[in-house]
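Chains as they are written, first to last, in the numbering used here: chain Z, 9 to 471; chain W, 9 to 471. From the three backbone atoms N, C-alpha and C, an ideal C-beta is built for every residue, glycine too. Structure, as structure tokens:
There are 2 protein chains.
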Amino acid sequence: MNISAARKKLTDLLGSSKVLADPDALEPYARDASHAGRYLPDLVVRAESAADVQQVLAVATENSVPVVPRGLGSGKSGGALAIHGGIVLSLEKMNRLREISRDDMLAVAEPGLITADLMSAVEKEGLFYPPDPNSLNMCSIGGNVAANAGGPRALKYGVTRAYVLGVEVVLPTGEIMKLGRRTIKGVTGYDLAGLIVGSEGTLGVITEVTLRLVPLPRAVETALVSFPDLDGASHALTAVLSAGIVPRTLELLDHHALDAVRAKTPGRFPENAGALIILETDAPSKERAFEELEKAASVCLEHRALDVLVAQDDAQREKIWEPRRVLSMTLTESAPKKMSEDIVVPRSKIPEMLRRVTAIAEKYKLRVATYGHAGDGNLHVNVLYDESSADRADRAIHEVMVATIDLRGTISGEHGIGLTKREFITLEQAPEVLELQRALKKTFDPHNILNPGKIFPARGVRE
Amino acid sequence: MNISAARKKLTDLLGSSKVLADPDALEPYARDASHAGRYLPDLVVRAESAADVQQVLAVATENSVPVVPRGLGSGKSGGALAIHGGIVLSLEKMNRLREISRDDMLAVAEPGLITADLMSAVEKEGLFYPPDPNSLNMCSIGGNVAANAGGPRALKYGVTRAYVLGVEVVLPTGEIMKLGRRTIKGVTGYDLAGLIVGSEGTLGVITEVTLRLVPLPRAVETALVSFPDLDGASHALTAVLSAGIVPRTLELLDHHALDAVRAKTPGRFPENAGALIILETDAPSKERAFEELEKAASVCLEHRALDVLVAQDDAQREKIWEPRRVLSMTLTESAPKKMSEDIVVPRSKIPEMLRRVTAIAEKYKLRVATYGHAGDGNLHVNVLYDESSADRADRAIHEVMVATIDLRGTISGEHGIGLTKREFITLEQAPEVLELQRALKKTFDPHNILNPGKIFPARGVRE
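Listed below in structure tokens is the structure:
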């Protein structure tokens with residue numbers, strides 16, 4: 009790696025304002041929202057165009073310097089960390105919304121656009137971009153595509169993948185590729201745009217995305233449903249789904265999660281609740297949204313729900329959601345350390361998985377807060393620990409992964425594998441499946457300069 | 009290619025009942041539902057397990073024999089034709105439905121299962137598999153996955169891709185790969201299952217599919233909406249969608265299509281109609297399905313619809329759909345020859361595309377019947393011709409493709425590229441995008457034995 013040559017060349021080519029090398033300027037790019045630690049890059053380049061991205065990749069290839077693409081650094085699996093040094097290629101300046109087409113029901117955006125900004129812009133046109141990662145105010149749409157981000161509404165609307173029609177990417181070898189299409193359907197050639205979605209910045213650098221939109225639902229109804237305990241809530245949840253009701257969210261919070269919120273914002277959640285579900289429906293009319301909410305709520309009441317509080321206006325709705333959106337940070341503040349997992353089990357296995365998590369927490373004497381998009385089986389399991397319990401925390405996380413696979417689940421629902429889970433992937437995927445993926449990676453990136461060391465376990469460290 | 013050695017080896021390994029070599033026995037495998045002609049394979053192997061598939065691929069590799077996977081031969085782009093001879097690997101005997109899980113809302117099927125059989129089995133459990141290619145009574149689910157099949161309901165429910173959770177495939181190099189997952193969400197590693205969907209039997213042989221199901225809608229309403237002409241129908245259709253209404257189907261039929269049906273089954277369609285839309289809605293209750301139908305119908309009536317006939321029962325519904333389902337065959341019978349295309353344009357370009365098709369038909373003095381899933385911009389353009397007009401038909405098809413790309417569309421919505429469109433793909437995709445796909449193909453199939461010559465244009469024949 010010849011970083012000084014790369015720095016000089018890039019400064020000449022792009023101008024010094026785009027190329028950061030001062031340690032203070034690099035520091036904000038040394039971490040992401042994971043617990044994976046600090047990795048100071050050698051250089052940060054803030055690209056302003058696909059042509060800039062091409063230059064960075066060409067210079068990096070010439071000088072054998074790793075390049076780590078980065079949106080806004082909100083990732084939870086260490087995907088944007090420069091673990092081998094080199095260049096962090098930030099897309100934060102490429103944040104324009106290039107087009108909204110009402111007629112074709114699509115939007116074209118640059119990767120650095122904040123997801124919430126995209127959402128509010130299309131909603132003004134009567135359109136809807138459903139995927140809603142809880143970090144939506146601080147994450148970028150390019151990052152969402154790279155991670156195939158989910159969110160509460162994925163239960164009804166599906167994840168980011170379902171909304172990506174096309175992507176423009178720059179390959180590590182320098183070519184700009186227009187992949188996918190502008191139409192709703194299309195089967196011309198291999199689904200390369202789909203392969204880029206969720207590839208965590210290892211196959212190409214996303215420089216533009218074309219997103220499918222849907223009509224904006226006119227009415228939303230939200231309720232907070234309280235339960236005496238987690239087991240009650242998890243059975244109610246599967247009963248709602250089995251009744252053929254598909255609300256737009258069924259968010260679950262266990263008592264550790266509730267306690268953390270109560271400690272920070274007293275009075276926000278009912279005192280008698282040992283677990284909560286945030287139930288939300290949407291529809292073209294208020295009557296229909298409410299009718300569906302009522303149906304789901306009555307199934308909950310038949311399954312040991314204590315109470316159902318329906319938001320009467322947007323302010324009350326926001327009061328329900330706000331603690332959920334910041335829950336990850338609230339938990340981080342509530343303990344010296346936290347490891348946040350993101351598993352998924354088949355729908356019918358939700359109660360069993362929750363029982364196993366409780367048993368693992370008891371076994372290792374740890375506080376484990378579980379919450380998440382339980383309706384689709386996606387649970388965020390947060391192990392809270394300190395220096396003295398770090399070993400137990402590691403073992404607990406490992407057992408959570410093993411239990412997930414035992415119940416035929418997957419180790420990541422929406423956060424990705426990145427750095428923090430790369431050693432766990434062998435629990436889920438057979439060696440030949442990993443080899444095939446490594447071969448694909450090599451096809452896209454023959455010199456392994458793009459986000460090296462992510463997704464796949466370090467060689468020789470197989471469990 | 010050493011076909012006699014391959015034949016001997018496969019007969020030894022699999023038994024003679026699975027290996028066909030008699031010309032009469034081979035004949036049914038020489039054609040598919042395309043107009044691409046007759047290609048007699050040297051051998052047909054009817055696999056009964058993934059292990060059989062492995063054997064075939066191993067022997068084929070050893071003897072440099074091409075292998076063409078085949079479901080039930082209903083494909084419309086020549087994808088299942090043995091254009092270089094060799095082995096047709098039929099999956100028709102692997103037709104079991106291995107599992108339906110009501111709790112996890114999924115089904116696990118072998119590739120040869122007929123799509124309609126899958127549908128009726130899951131519907132008995134109160135579940136729904138939405139993708140409905142019109143060939144559903146004679147196509148296989150493995151073929152649907154290989155082609156990423158669509159159908160009328162894709163407008164509301166999306167195409168096959170949206171329902172594939174996991175696939176088991178045998179790679180040309182012989183490994184059995186379990187790709188994807190059993191959960192609704194999941195982002196562990198690259199989306200290899202998604203890459204197999206729509207890869208037209210060129211990357212691996214599908215031996216099992218795991219499919220997501222949804223709750224069965226309890227009520228369906230169907231109406232036949234007649235218009236004086238195609239232009240009226242196409243504007244009504246975009247108006248319905250712009251109003252934020254998403255029926256489950258908006259099928260369009262032009263007057264050539266209507267005439268062919270009328271010639272075969274008089275009295276089926278209103279005499280004064282110059283174009284028709286089959287409008288269908290579904291919902292959890294009859295009231296809601298009807299309410300949505302009414303809304304869409306009134307938008308049509310505001311846009312020059314002549315009449316709206318609502319089916320009063322399932323028999324009447326079937327009377328509306330039956331001619332649509334067999335329309336491709338009816339048109340084939342109505343002319344000496346037919347070329348059927350499958351283009352998609354962005355939603356707002358539907359009226360313009362229909363005008364261009366009419367102009368092309370007039371220019372070349374050809375009968376061109378257009379129908380299809382116009383709600384999502386997917387139009388089946390059928391050029392009817394005879395020996396004397398074959399040249400004009402070729403030129404007309406070429407102009408249809410050029411117009412599609414000019415309107416930012418795609419040359420295939422659901423039939424695939426296969427053999428019949430491989431020379432057109434260069435109109436849509438840049439050379440570097442094709443090179444990347446060829447490199448991917450090579451990663452999966454280094455000896456190019458699996459379905460060679462499909463999707464990509466023959467080298468040196470670039471337009």
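(request) For residue 9(W), return the contacting residues in chain Z, with the cut-off set at a CB-CB distance below 9 Å. (result) Chain-ordered listing is empty here: chain Z has no CB closer than 9 Å to the CB of residue 9(W), the nearest sitting near 26 Å.
(request) Determine which residues of the stretch 98 to 113 of chain Z have a Cβ less than 9 Å from any Cβ of chain W, and write them out in chain order. (result) 109, 110, 111, 112 and 113
(request) Find the nearest neighbour of residue 195(W) within the set 176(Z), 183(Z) and 168(Z), judged by alpha-carbon distance. (result) When each option's Cα is compared against that of residue 195(W), the closest is 168(Z).
(request) Return yes when the Cβ of residue 308(Z) is within less than 8 Å of the Cβ of residue 285(Z), no when it is not. (result) yes
(request) Given a cut-off of 8 Å, decide if residue 49(Z) and residue 83(Z) are closer than it, judged by their beta-carbon atoms. (result) no
(request) Using a cut-off of 9 Å between C-beta atoms, extract the partners of residue 56(Z) located in chain W. (result) The contacting residues do not exist; residue 56(Z) stays about 23 Å from chain W at best.
(request) Excluding the 5 residues preceding and the 5 following residue 176(W) in the sequence, name in chain order all residues of the same chain whose CB lies nearer than 6 Å to its CB. (result) 186, 215 and 216
(message) Between the stretch 342 to 362 of chain Z and the stretch 234 to 252 of chain Z, can you find at least three pairs of beta-carbon atoms closer than 8 Å?
(response) They touch, by the three-pair rule.
(request) Please go through the stretch 372 to 420 of chain W and give each complete beta strand (DSSP E) segment of 3 or more residues, from N-terminal end onward. (result) 375 to 380 and 386 to 393
(message) Taking a contact to mean a Cβ-Cβ separation below 8 Å, would you say residue 153(Z) touches residue 98(Z) in this structure?
(response) At least 8 Å separates the beta-carbon of residue 153(Z) from that of residue 98(Z).
(request) Check whether the Cβ of residue 441(Z) lies closer than 8 Å to any Cβ atom in chain B. (result) Within the model displayed, chain B is absent; protein chains Z and W are what it includes.
(message) Does the CB of residue 165(W) have a neighbour CB from chain Z at under 8 Å?
(response) no
(message) From the DSSP secondary-structure annotation, give me the bridge partner or partners of residue 20(W).
(response) Paired residue(s): none; residue 20(W) is not in a bridge.
(request) Give me the Cα-Cα distance between residue 219(Z) and residue 331(W), rounded to the nearest whole angstrom. (result) 35 Å
(message) Quick check on residue 77(Z): does DSSP put it in helix, strand or coil?
(response) strand
(request) Identify, in the order they occur along the chain, each residue of the same chain with its Cβ nearer than 7 Å to the Cβ of residue 389(Z), setting aside the five sequence neighbours on each side. (result) 349, 351, 365, 376, 378 and 408
(message) In chain order, what are the residue ranges of uninterrupted beta strand (DSSP E) at least 3 long that sit wholly in the stretch 119 to 185 of chain Z?
(response) The beta strand (DSSP E) runs lying completely inside the stretch 119 to 185 of chain Z and spanning 3 residues or more are 172 to 178, given in chain order.
(request) Per DSSP, which residues does residue 316(W) bridge with? Please list them. (result) 233(W)
(request) Compute the Euclidean distance between the alpha carbons of residue 293(W) and residue 299(W), then round it to the nearest angstrom. (result) 10 Å
(message) Quick check on the DSSP output: the beta strand (DSSP E) that includes residue 261(Z) runs from which residue to which?
(response) 257 to 261
(request) Taking C-beta pairs closer than 7 Å, name the residues in chain W that residue 262(Z) reaches, listed in chain order. (result) Within chain W, no residue comes near residue 262(Z); the closest Cβ sits about 19 Å away, beyond 7 Å.
(request) Would you kindly work out how many angstroms separate the C-alpha atoms of residue 304(Z) and residue 383(Z), rounded to a whole number? (result) 12 Å
(request) Please list, in chain order, all residues of the same chain as residue 546(Z) whose beta carbon is under 7 Å from its beta carbon, the five residues on each side excluded. (result) Outside the displayed span of chain Z (9 to 471) sits residue 546(Z), for which this structure offers no information.
(request) Taking only beta-carbon positions, decide if residue 294(Z) is within less than 8 Å of chain W. (result) no
(request) Give me the Cα-Cα distance between residue 406(W) and residue 370(W), rounded to the nearest whole angstrom. (result) 15 Å
(message) Please tell me whether residue 121(W) and residue 137(W) are closer than 8 Å, where the distance is taken between their beta carbons.
(response) no
(message) Counting beta carbon pairs with one atom in the stretch 12 to 28 of chain Z and one in the stretch 139 to 156 of chain Z, are three or more of them shorter than 8 Å?
(response) No, the stretch 139 to 156 of chain Z does not touch the stretch 12 to 28 of chain Z.
(request) Decide yes or no for the touch test of the stretch 438 to 454 of chain Z against the stretch 229 to 237 of chain Z: beta carbon pairs closer than 8 Å, at least 3 of them. (result) no
(request) Please name the residue or residues paired with residue 218(W) in a DSSP beta bridge. (result) 116(W) and 174(W)
(message) So that I know if they touch, is there some Cβ in chain W lying closer than 8 Å to that of residue 148(Z)?
(response) no
(message) At the level of alpha carbons, what is the spacing between residue 418(W) and residue 431(W)?
(response) 14 Å
(request) Kindly say whether residue 185(W), judged by its beta-carbon, lies nearer than 8 Å to any beta-carbon of chain Z. (result) yes
(request) Mind reading off the beta-carbon distance from residue 392(Z) to residue 339(Z)? Whole number of angstroms is fine, and I expect it under 8 Å. (result) 7 Å
(request) Tell me, to the nearest whole angstrom, how far the beta carbon of residue 301(W) is from that of residue 287(W); I am working on the premise that it is less than 8 Å. (result) The Cβ separation is near 7 Å, so the contact holds.
(message) Counting only Cβ pairs nearer than 7 Å, list the residues of chain Z close to residue 156(W).
(response) Chain order gives the chain Z residues near residue 156(W) as 195, where near means a beta carbon separation below 7 Å.
(message) Any beta carbon from chain W within less than 8 Å of residue 202(Z)'s own beta carbon?
(response) It does; some Cβ of chain W falls within 8 Å.
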